[in-house]
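For reference, the structure discussed in these notes is given below.
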Amino acid sequence: MIAVENIHKSFNGAEVLKGVSLTVPEGSVTALIGPSGSGKSTLLRCVNLLETPQSGRVRIDGAVVDFEPGRKVDRADVLALRRKTGMVFQNFQLFPHLTALENVMEGLLTVLKWSRQDARQRATELLDKVGMSAKADAWPANLSGGQQQRVAIARALAPSPKVLLCDEPTSALDPQLAAEVVEVLAQLAREGTTMLMATHDLRLASTIASNVLFLDGGNIVESGPSAQVFGSPVDPRTKRFVSSLASVSIGQG
Amino acid sequence: MSPWLSLMIESLPSLLWACLLFTVPLTLLSFALGLGLGFVAAITRLFAPKPFAMVVRFYVWIIRGTPLLVQLFLIFYGLPSAGIVLDAFPAALIGFTLNVGAYTSEIIRAVLLSVPKGQWEAAYSIGMTWAQALRRTILPQATRIAVPPLSNTFISLVKDTSLAAAITVPELFRAGQRIVATSYEPLILYVEVALIYLVVSSVLSSLQARVEKRFSRYGGYMEAAS
Numbered sequence: 055m056i057a058v059e060n061i062h063k064s065f066n067g068a069e070v071l072k073g074v075s076l077t078v079p080e081g082s083v084t085a086l087i088g089p090s091g092s093g094k095s096t097l098l099r100c101v102n103l104l105e106t107p108q109s110g111r112v113r114i115d116g117a118v119v120d121f122e123p124g125r126k127v128d129r130a131d132v133l134a135l136r137r138k139t140g141m142v143f144q145n146f147q148l149f150p151h152l153t154a155l156e157n158v159m160e161g162l163l164t165v166l167k168w169s170r171q172d173a174r175q176r177a178t179e180l181l182d183k184v185g186m187s188a189k190a191d192a193w194p195a196n197l198s199g200g201q202q203q204r205v206a207i208a209r210a211l212a213p214s215p216k217v218l219l220c221d222e223p224t225s226a227l228d229p230q231l232a233a234e235v236v237e238v239l240a241q242l243a244r245e246g247t248t249m250l251m252a253t254h255d256l257r258l259a260s261t262i263a264s265n266v267l268f269l270d271g272g273n274i275v276e277s278g279p280s281a282q283v284f285g286s287p288v289d290p291r292t293k294r295f296v297s298s299l300a301s302v303s304i305g306q307g
Numbered sequence: 357m358s359p360w361l362s363l364m365i366e367s368l369p370s371l372l373w374a375c376l377l378f379t380v381p382l383t384l385l386s387f388a389l390g391l392g393l394g395f396v397a398a399i400t401r402l403f404a405p406k407p408f409a410m411v412v413r414f415y416v417w418i419i420r421g422t423p424l425l426v427q428l429f430l431i432f433y434g435l436p437s438a439g440i441v442l443d444a445f446p447a448a449l450i451g452f453t454l455n456v457g458a459y460t461s462e463i464i465r466a467v468l469l470s471v472p473k474g475q476w477e478a479a480y481s482i483g484m485t486w487a488q489a490l491r492r493t494i495l496p497q498a499t500r501i502a503v504p505p506l507s508n509t510f511i512s513l514v515k516d517t518s519l520a521a522a523i524t525v526p527e528l529f530r531a532g533q534r535i536v537a538t539s540y541e542p543l544i545l546y547v548e549v550a551l552i553y554l555v556v557s558s559v560l561s562s563l564q565a566r567v568e569k570r571f572s573r574y575g576g577y578m579e580a581a582s
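If you're matching them up, the sequences are chains A and B in order.
For the first sequence, the residue numbers in my numbering are 55 to 307.
For the second sequence, the residue numbers in my numbering are 357 to 582.
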């Protein structure tokens, strides 16, 4: 289980997260939605500590890190927590100097010290799972955006993280390429992968997420099962946002 | 055979010998050591606490702001007054290493910064430590970008080693000067010396092209962005 408790984060005095708490039950998918600047990405990046919260607590499967103003966190604790997570970025961020297969192998080789043979085998299986085995030896520069993102998903899954964090995984893709990525993520969700994703993609959120959190101005404004939040939102801000998402999605066809 | 041509051929072995014995080792050694120094300086400047970074800035400021020839004179002719006596070759080696270190530290700093921040984050996201991210993710990409500017420094260095003649290192240029002193043919000898430098630099330039080609195998960044 992933639990984030009372996270505060500000950048240069501007408070981006104002005491956010959430839990993601194992095997479920939670979508973070909300307007740009609402703190979705920051919240996600506080879970794997790419951003360090000023205060609060992050707990994943037994690893706990507490944050207090003015106290340095132990680097080993950060690493231990981070190694229970995998992350998918908006702009893929594949390693351009490695092939698709090597990208997936990298964490297994460098971090987990697997043998090349074992790493290659697991990476091959994962590329197969995301439908990219035919491109195993391709350089990222020669892959489409959707293909790059699918390799990136395999890379994130390679060390068997407890939770997959997805930061706008489809926003840099046109609808057709986004569809292949949604399909892969939906498959993972069916298999019980725990996921927390920030997204603007209504199709992604409504088809995959079991729970939805609506974030606005650094607070969680509304939360609940996705059918409820999308179907009959209560808070007027959520209502307005959901209807704007729907019109965008229809517009995109 | 014209007397000029025969003089050129006669003097060639001793010029090549000086090149092989002094110019080449001085270049290779000071480049290798200077690159190491530049790397440490760049990492310090980027990642170390402020006082250390300040020391590096001071070093780069002094070396870049003063002429190489003056630096060499200081080390070889100046330091003995302070009780530090060095042979000509070690003195030149120290001077060139310090020089290469200062210039390459700026190149290395720039190429490290040119790798997108997202690459650090991607490396961290799969659990790498800072050192692993630097070694496995950032350096391979930075190295590729660094090849042209570092080659520039290297080729300049080959020619700059001629300054070591001024502190009595018997390298290629000084060997040429010696032959001029006995043959009284400065035009022909200095043309010959210049040609040898030209050949060496050309060989290095073609090596650079090969290294760049090797690094380009995984596609350009422009392609990656499109």
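The beta-carbon is built from N, C-alpha and C at its ideal position, and this holds for glycine as well.
Residue interval of the beta strand (DSSP E) (run including residue i)
{"i": "ALA252 (chain A)", "result": "249-252"}
{"i": "ILE56 (chain A)", "result": "56-65"}
{"i": "GLU69 (chain A)", "result": "68-78"}
{"i": "MET141 (chain A)", "result": "139-142"}
{"i": "GLY278 (chain A)", "result": "273-279"}
Unbroken alpha helix (DSSP H) run spanning residue i, endpoints
{"i": "LEU269 (chain A)", "result": "No alpha helix (DSSP H) contains LEU269 (chain A), which is instead part of the beta strand (DSSP E) from 265-270."}
{"i": "GLY392 (chain B)", "result": "380-403"}
{"i": "ASP443 (chain B)", "result": "ASP443 (chain B) -> no alpha helix (DSSP H), and no H or E assigned at all."}
{"i": "LEU424 (chain B)", "result": "424-429"}
{"i": "ASP221 (chain A)", "result": "Not the alpha helix (DSSP H): ASP221 (chain A) falls in the beta strand (DSSP E), residues 217-221."}
{"i": "VAL412 (chain B)", "result": "406-421"}
{"i": "THR164 (chain A)", "result": "154-164"}
{"i": "THR261 (chain A)", "result": "256-262"}
{"i": "GLY474 (chain B)", "result": "473-481"}
{"i": "ALA243 (chain A)", "result": "229-244"}
{"i": "ALA374 (chain B)", "result": "359-374"}
Burial state of residue i (16 or more Cβ within 10 Å)
{"i": "ILE365 (chain B)", "result": "exposed"}
{"i": "GLY305 (chain A)", "result": "Here GLY305 (chain A) scores only 44 on pLDDT, less than 50, and its place in the model is too uncertain to base an answer on."}
{"i": "ALA177 (chain A)", "result": "buried"}
{"i": "PHE319 (chain A)", "result": "What the structure shows of chain A is the stretch from 55 to 307, and residue 319 (chain A) is not part of that stretch, so it cannot be assessed."}
{"i": "PRO542 (chain B)", "result": "exposed"}
{"i": "THR164 (chain A)", "result": "buried"}
{"i": "THR253 (chain A)", "result": "buried"}
{"i": "GLN201 (chain A)", "result": "buried"}
{"i": "GLU276 (chain A)", "result": "buried"}
{"i": "GLU579 (chain B)", "result": "The predicted position of GLU579 (chain B) is uncertain, since its pLDDT is 42 and thus under 50; no value can be drawn from it."}
{"i": "PRO423 (chain B)", "result": "exposed"}
{"i": "PHE268 (chain A)", "result": "buried"}
{"i": "PRO213 (chain A)", "result": "buried"}
{"i": "LEU219 (chain A)", "result": "buried"}
{"i": "SER481 (chain B)", "result": "buried"}
{"i": "ALA458 (chain B)", "result": "buried"}
{"i": "PRO107 (chain A)", "result": "buried"}
{"i": "GLN230 (chain A)", "result": "exposed"}
{"i": "LYS167 (chain A)", "result": "exposed"}
{"i": "GLN427 (chain B)", "result": "buried"}
{"i": "LYS138 (chain A)", "result": "buried"}
{"i": "TRP417 (chain B)", "result": "exposed"}
{"i": "TRP193 (chain A)", "result": "buried"}
{"i": "SER518 (chain B)", "result": "buried"}
{"i": "SER558 (chain B)", "result": "exposed"}
Heavy atom of the ligand MG within 7 Å of residue i beta-carbon
{"i": "GLY116 (chain A)", "result": "Because no ligand of any kind appears in the structure shown, any question about the ligand MG cannot be addressed here."}
### Task
Return the chain-ordered ranges of every alpha helix (DSSP H) run that is complete within the segment 80-137 of chain A and spans a minimum of 4 residues.
94-101 and 129-136
### Message
Is it the case that the segment 119-128 of chain A contacts the segment 180-195 of chain A, given that we only count it when at least three CB pairs across the two stretches are under 8 Å?
### Response
no
### Task
Output, in sequence order along the chain, the residues in the segment 470-498 of chain B whose CB is closer than 7 Å to any CB in chain A.
GLY474, GLN475, GLU477, ALA478, TYR480, SER481, ILE482, GLY483, MET484, THR485, GLN488, ARG492, THR493, PRO496 and GLN497
### Message
So within the segment 166-209 of chain A, which uninterrupted alpha helix (DSSP H) runs reach at least 4 residues, ignoring any that extend past its ends?
### Response
170-183
### Task
Check whether the segment 440-454 of chain B touches the segment 464-475 of chain B, taking contact to mean three or more Cβ pairs, one atom from each stretch, closer than 8 Å.
no
### Where the segment 187-208 of chain A meets chain B: residues whose CB sits under 7 Å from a CB there
TRP193, PRO194, ALA195 and ASN196
### Task
Please name the residues in the segment 148-167 of chain A whose beta-carbon is closer than 7 Å to at least one beta-carbon of chain B, in chain order.
PHE149, PRO150, HIS151, GLU160, GLY161, THR164 and VAL165
### Query
Just by C-beta distance, which residues in the segment 249-283 of chain A are closer than 8 Å to chain B?
none
### Message
To test your reading of the DSSP string, which unbroken alpha helix (DSSP H) runs of 4 or more residues are found completely within the segment 507-564 of chain B?
### Response
528-539
### Query
Are the segment 532-541 of chain B and the segment 507-517 of chain B touching, with three or more C-beta to C-beta distances below 8 Å?
no
#### Entry: Contacting positions in the segment 130-147 of chain A - beta carbon closer than 8 Å to chain B
LEU133, ARG136, ARG137, THR139, GLY140, MET141, PHE143, ASN145 and GLN147
### Query
Between the segment 232-243 of chain A and the segment 158-173 of chain A, do three or more beta carbon pairs fall short of 8 Å?
no
### Task
Could you tell me whether the segment 400-413 of chain B touches the segment 562-572 of chain B, where touching means 3 or more Cβ pairs closer than 8 Å?
no
### Three or more C-beta pairs below 8 Å linking the segment 513-524 of chain B and the segment 429-438 of chain B
yes
### Query
Relative to chain B, which residues along the segment 83-102 of chain A have a C-beta separation below 9 Å, given in chain order?
ARG99 and ASN102
### Query
What residues in the segment 102-120 of chain A bring their beta carbon closer than 7 Å to a beta carbon of chain B?
ASN102 and LEU104
### Query
Are there three or more Cβ pairs, one per stretch, closer than 8 Å when the segment 486-498 of chain B is compared with the segment 131-146 of chain A?
no
### Task
Return the residues of the segment 222-235 of chain A that lie within a Cβ-Cβ distance of less than 9 Å from chain B, sorted by chain order.
none
### Query
Can we say the segment 82-89 of chain A touches the segment 250-264 of chain A, given the rule of at least three CB pairs closer than 8 Å?
yes
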